[in-house]
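Below is one structure, written out as C-alpha cells, with a few remarks after it.
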C-alpha cells in the first residue's frame, strides 16, 4: 500500500528507512486524551492506600500474561510491604490470593486506568507499543518484560537503546526482579531520567502533526 500512498506517517524516526523519504513524515505518537488527566487521589481512595507509599503498577493483562504474573507473584517475598503493588492480571488469570500487606490484585482496570497511571512511581508492563506510548506521554518510569519471540522484543530493545526503559526477561530470577524495582524506587533521579528519555523517544505529538497533514490532503 505504501508505494501508492501520497503521504506516509510514521511514529518514530527509525521507521523512515522503510519508506520513501520524500513522502514520509515522523509524527510522534497519538495518545488518547483521557490518559493525560488521571487523578492519583482517586486511585489511593479507591484502594484505601496510604498516599505516602510508593506505588508499582503491574499490567499483566493480555496474551502471555501468566508468565509475567507468576514472576511478580514470586517476587513479592523480596519486596518491602511499604511498597504497594497494584497488579492487573487479566481476565481469568487471577493468582492465588495473598494476604501480603501492600498488594492489590484486579483482573481488569477500565476507565480508571489513567488514575492508576497517575499514581504510579513505576509501571511494569509488556512492551506493546500503544501502552508504551501512553506511558511515554506521562514520562513514567517503565520496566518492560517483553513477550518472548514477538515484536515486543524489538520494541523493548528500541527504547532500552535510548535509555527510556529497563528491560527484564519473564524468566528473570524473582529476586533480581524485586531488586530492580527496589533500586529504582530508591533513586528518584534514575526514574526521572528514564521517564524523560522515554518521552523524548516517543513524544505524544502525533495528533498535532497528523491533523494538518490530513486536512491538507482533504482539501486537494
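Residue numbers (the working numbering): 25 to 244.
Ideal Cβ positions, reconstructed from N, Cα and C, are used throughout, including at glycine.
According to the DSSP assignment, residue 182 belongs to no beta strand (DSSP E) but to the alpha helix (DSSP H) extending over 175 to 185. Beta-bridge analysis with DSSP links residue 128 to 110.
One Cα belongs to residue 147, the other to residue 32, and the distance between them is close to 32 angstroms.
For residue 92 against residue 169, the beta-carbon gap comes to about 5 angstroms, under 8 angstroms, which counts as contact. Pairwise C-beta distances place the region 60 to 78 out of contact with the region 33 to 50, as fewer than three of them are shorter than 8 angstroms.
Fully contained in the region 150 to 227 are the following beta strand (DSSP E) runs of length 3 or more, in chain order: 166 to 168.
Taking a cut-off of 8 angstroms for Cβ pairs, the region 146 to 164 and the region 53 to 61 touch, as three or more such pairs fall below it. The beta-bridge partner set that DSSP reports for residue 80 consists of 109, 146. The C-beta separation of residue 96 from residue 84 comes to about 7 angstroms, placing the pair in contact by the 8 angstroms criterion. Burial check for residue 81: the Cβ neighbour count within 10 Å reaches 16 or more, so the residue is buried.
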